[in-house]
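Shown next, in structure tokens, is the structure this report addresses.
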Amino acid sequence: MAWVKQVCGRLESRYRYSNSLVYNNFPWPEPTAKQRAAVEAAAQAVLDARKKFPDATLADLYDPLSMPPALVKAHAALDRAVDRCYRSQPFENDRQRVEHLFSLYEKLTVPLLPSAKKSRRKT
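Residues in the sequence shown are numbered consecutively from 1, following this note's numbering.
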């Protein structure tokens with residue numbers, strides 16, 4: 001959500017998701033097989049935590065005031081696993097996470113920019 005909060009537009013209180021402004025410019029990591037397995041296991045733990053509440057809607061499960069502790073814990077573990085795909089040192093906060101993402105974005109996009117040609121002056 002840190003990336004979404006920085007690059008998405010808003011419509012009233014909701015985020016406006018756009019593939020060209022959010023998804024397509026997101027700097028995806030290149031995880032190792034071990035990191036990928038950790039993310040997959042953590043994602044499965046989120047699904048398993050949600051299965052414990054078969055009668056709850058997604059709105060019920062993700063209500064910030066009543067989100068089940070097991071689901072909160074599973075999402076926190078998934079967040080940590082994803083963060084480790086970007087770097088081994090944990091992010092202290094979302095600002096640090098977004099700064100890192102923008103740094104990666106810059107590294108990915110700078111080579112795509114045309115180089116400035118030096119113009120020769122006529123004398």
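Using N, Cα and C, we set each Cβ at its ideal position, and we do this for glycine too.
Beta-carbon contacts of A77 that lie in its chain and below 7 Å, excluding the five residues immediately before and after | A42, A45
Looking only at DSSP bridge pairs, what is R16 linked to?
-> G9
Report back the beta-carbon spacing between P68 and L61 to the nearest angstrom; my notes put them in contact at under 8 Å.
-> 7 Å
Under a Cβ-count criterion, where at least 16 other Cβ atoms within 10 Å of its own Cβ denotes burial, should R10 be classed as buried or exposed?
-> exposed
Take K34 as the anchor and find which of Y17, C85, R95, K107 has the nearest alpha-carbon.
-> C85
So, are the CB atoms of P27 and L113 less than 8 Å apart?
-> no
Rank N24, L47, D63 by C-alpha distance to the C-alpha of T109 and give the top, closest one.
-> N24
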